[in-house]
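Numbering-wise, the sequence shown is residues 251 to 390 according to our numbering. Positions of the beta carbon are idealized from the N, C-alpha and C atoms, including for glycine. First up is the structure itself, then whatever we jot down about it.
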Amino acid sequence: MPYQDNYAASASKHLTDSSALLAAGRFDGAGYLAGYVAECSLKAFTQFAIKTANTSSHGFSGLSRDAVKAATALTQYQCARYIASSWDHKNYDLTKNWVPGIRYTAEGTIPEPLARVWVREARAIYNQIVGQMKLDGVIS
251 MPYQDNYAAS
261 ASKHLTDSSA
271 LLAAGRFDGA
281 GYLAGYVAEC
291 SLKAFTQFAI
301 KTANTSSHGF
311 SGLSRDAVKA
321 ATALTQYQCA
331 RYIASSWDHK
341 NYDLTKNWVP
351 GIRYTAEGTI
361 PEPLARVWVR
371 EARAIYNQIV
381 GQMKLDGVIS
């Protein structure tokens, strides 16, 4: 059965799951899914702006380039609503250090403090991009 990528829904699902794993003390899983919250949020923005997203890219440098390209398709106001303050965070460990391959690391690789930072940052990215797009009614 064919399916259509729904990055906003995936970001929401991964945020819920990463928060639940964090609360359950499963820090590796929480950190791993936090990265996908950020990835899917950026892809949701790109998909909204230019009606497509690079489904094969999981790296934040490539996704950031895609988001910048997508931003040029929007008015300055639209772009600022969904992207500008997402990058105000001081440390962004998530986008500097997260890679999909962490799913292959040994249990205990992601310590609790780092998992908490990543989930918090993922929530901030989600709220700024997907949350705001939902509030604006441009996605459901």
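In terms of CA proximity to VAL369, THR266 leads the group THR266, ALA259 and ILE389. Short of 7 Å from the beta carbon of GLY279, and not among the five residues preceding or following it, lie these beta carbons of its own chain, in chain order: LEU271. Less than 8 Å divides the Cβ of ILE379 from the Cβ of ALA294. For TRP368, the enclosing alpha helix (DSSP H) stretches over residues 362-376. Judged by DSSP in its simplified three-state form, ASN347 adopts helix. Where ASP267 is concerned, the enclosing alpha helix (DSSP H) starts and stops at 257-273. Inclusion of ALA258 and MET383 in the CB contact set at 8 Å is warranted, their separation being smaller than that value.
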